[in-house]
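Novice: When we follow our numbering, the leftmost residue of the sequence shown carries the number 301, and every step to the right adds one. So that we are looking at the same thing, I have put the structure below in structure tokens.
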Amino acid sequence: MRLGMKRRLLLSLSLAAAVIAGTSAIASAADDRHDNGHPARDGATAQLLTKVARGTSWTQSAAPLKLNFETYHPQGMLRVGDRYYMSSVEIIKPTTPCNPACDGYDRTPGEGLGHLFEYDQAGNLLRDLTFKDGNAYHPGGIDYDGRYLWIPVAEYRPNSKAIVYKVDLAKFRATEVLRVDDHIGGVVHDQKNNRLVGISWGSRTFYTWNMDGRLKRTAKNPEQFTDFQDCDYLAEGKAACTGVASLNVGGQSFQLGGISLLDLDSLTAINTVPVTALSAAGNSITRNPTWIEAKGNALQLTAVPDDSQSTLLTYTTPALS
């Protein structure tokens, strides 16, 4: 090869490399991601959650969106681009109490089928991934790390057993990661520490595992305000957890909703506030799955609080200074 041709070839290769690098940099800057691909905007969500207070109002800010499919009993939800993902449990045969305990449990296992729904912004079902392994059919709160969606599937009773799966959203296929001798009601991928964090029935116990599924730590949850239903990783070792406390005052039962900003290092709440808004059916809007994100200086919460023929509701706070 002549020297001039070599120089032109080297120049062409250098220009191609520069173009590729520039394109990657532009894509990276446009995506603005950190924590192994988690959106940096979630850092803004975490910051705003430190400013939410008891008196913060949550105002319905969009028309209710009817979900055009049978949703059963929704559990966890998140949004990736223009798609929503929601876990749910279909109850075929309800559990029944055991007194005395049956095989060490306080209730029978019941029968059911777990679902992971993918649906669009018009409420149309696109895909449905089902889960059942023996008596484990109850999915919980879900999380997405930019590559995998993490979902626990447990028996529908406390102190039981669960399996944690990771789901490749492109293939919509689940892979088992670990098994637990307890009911796991939610899981997040703590990307700061590259580990998994799970919550038990009623979120009374925290579990942490490495990415190979080895148990690293258990800790009692000091938070007594609500039972976490759904948790989503935010960034820098934080998670947004929502849930409900079913209370009885003067013989009257009611649901008190709540949001906690959780520090995944200490496994304690940084800020916890009540949410009193109710759905048309009278359920706390944080009873079932939620998705929280920053919208400028405000927070937007989308929720599916009601079962079966469900509606997605959207609420927004005032600007939080």
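Glycine included, every Cβ here is placed at the ideal spot set by N, Cα and C.
1) Am I right that H438 and A454 are in contact with their C-beta atoms under 8 Å? What's the rounded C-beta distance?
2) What residue does the beta strand (DSSP E) around A603 start on, and which one ends it?
3) Residues in the same chain with beta-carbon distance under 8 Å from T475, minus the five sequence neighbours each way, listed in chain order, please.
4) For D342, which of helix, strand or coil comes out of DSSP?
5) Please go through the same chain and pick out, in chain order, the residues whose beta-carbon is closer than 8 Å to the beta-carbon of N597, but skip the five residues on each side of it.
6) When we look at the beta-carbon of V487 and count the other beta-carbons within 10 Å, is it buried (16 or more) or exposed?
7) I'd like the span of the beta strand (DSSP E) that includes L378, first residue to last.
8) Can you find the residues in the same chain that come closer than 8 Å, C-beta to C-beta, to D382, ignoring five residues on each side of it along the sequence?
9) What's the call for D443, buried or exposed, on a 16-neighbour Cβ count within 10 Å?
10) Count the other C-beta atoms from every protein chain shown that fall within 10 angstroms of the C-beta of R308, then say buried if there are 16 or more, exposed otherwise.
11) Tell me N548's beta-bridge partners as DSSP assigns them.
12) Using three-state DSSP, classify G410 as helix, strand or coil.
13) How should L426 be labelled, buried or exposed, when 16 other C-beta atoms within 10 angstroms of its C-beta is the threshold for buried?
14) Specify the secondary structure class of L309 as computed by DSSP and reduced to three states.
15) Distance check for L601 and A363, CA to CA, integer angstroms please.
16) I'd like the span of the beta strand (DSSP E) that includes D527, first residue to last.
17) Could you tell me if M377 is buried or exposed, where buried requires 16 or more neighbouring beta carbons within 10 angstroms of its beta carbon?
18) At which residues does the beta strand (DSSP E) containing D428 begin and terminate?
19) In this structure, what does DSSP give as the bridge partners for K466?
Specialist: By the coordinates alone:
1) Counting from 1 along the sequence shown, the entry for residue 438 is found at position 138. Counting from 1 along the sequence shown, the entry for residue 454 is found at position 154. Sure, about 5 Å apart at Cβ, within 8 Å.
2) As a position in the sequence shown, residue 603 is number 303, starting the count at 1. Where A603 is concerned, the enclosing beta strand (DSSP E) starts and stops at A598 to A603.
3) In the sequence shown, counting from the first residue as 1, residue 475 sits at position 175. Annotation for T475: Y465, K466, V467 and D468 place their beta carbon closer than 8 Å to its own, counting only its chain and skipping 5 residues before and after.
4) Numbered from 1 along the sequence shown, position 42 holds the residue referred to as residue 342. D342 falls in the helix class under three-state DSSP.
5) Reading the sequence shown from its first residue, position 297 is the one you call residue 597. Excluding sequence neighbours, N597 sits near L348, A619, L620 and S621.
6) Numbered from 1 along the sequence shown, position 187 holds the residue referred to as residue 487. Buried is the call here.
7) By one-based count along the sequence shown, residue 378 stands at place 78. That run of the beta strand (DSSP E) goes H373 to V380.
8) Position 82 of the sequence shown holds residue 382. Answer for D382: D420 and Q421, listed in chain order.
9) Sequence index remark: in the sequence shown, residue 443 carries index 143 (1-based). Around the beta carbon of D443, 16 or more other beta carbons sit within 10 angstroms, so the residue counts as buried.
10) Your numbering for residue 308 matches position 8 in the sequence shown. Legend: pLDDT at R308 = 39, less than 50; position of this residue unreliable, value from coordinates given subsequently. R308 is exposed by the Cβ-count criterion.
11) The residue given as residue 548 occupies position 248 in the sequence shown. The partner list for N548 (beta bridge, DSSP) reads S553.
12) For the purposes of this step, residue 410 is taken as the residue at position 110 of the sequence shown. Coil, per DSSP.
13) Start at 1 with the first residue of the sequence shown, and residue 426 comes out as number 126. Exposed, since its Cβ has fewer than 16 Cβ neighbours within 10 Å.
14) The count along the sequence shown starts at 1 and reaches residue 309 at position 9. Note that L309 scores 35 on pLDDT, short of 50, meaning its location in the model is unreliable; the coordinates nonetheless yield the value given after this. The DSSP-derived three-state label of L309 is helix.
15) On the sequence shown, residue 363 is found 63 positions in, with the first residue counted as 1. On the sequence shown, residue 601 is found 301 positions in, with the first residue counted as 1. The straight-line gap from Cα to Cα measures roughly 13 Å.
16) Locating residue 527 in the sequence shown gives position 227, counting from the first residue. Taken as a continuous stretch (DSSP letters only), the beta strand (DSSP E) holding D527 covers D527 to A535.
17) Taking the sequence shown and counting its residues from 1, the one referred to as residue 377 is at position 77. Buried, because 16 or more other Cβ atoms sit within 10 Å of the Cβ of M377.
18) Here residue 428 is taken as the residue at index 128 of the sequence shown, counted from 1. Where D428 is concerned, the enclosing beta strand (DSSP E) stretches over L425 to F431.
19) Locating residue 466 in the sequence shown gives position 166, counting from the first residue. For K466, which the question treats as bridged, DSSP gives the partners W450 and T475.
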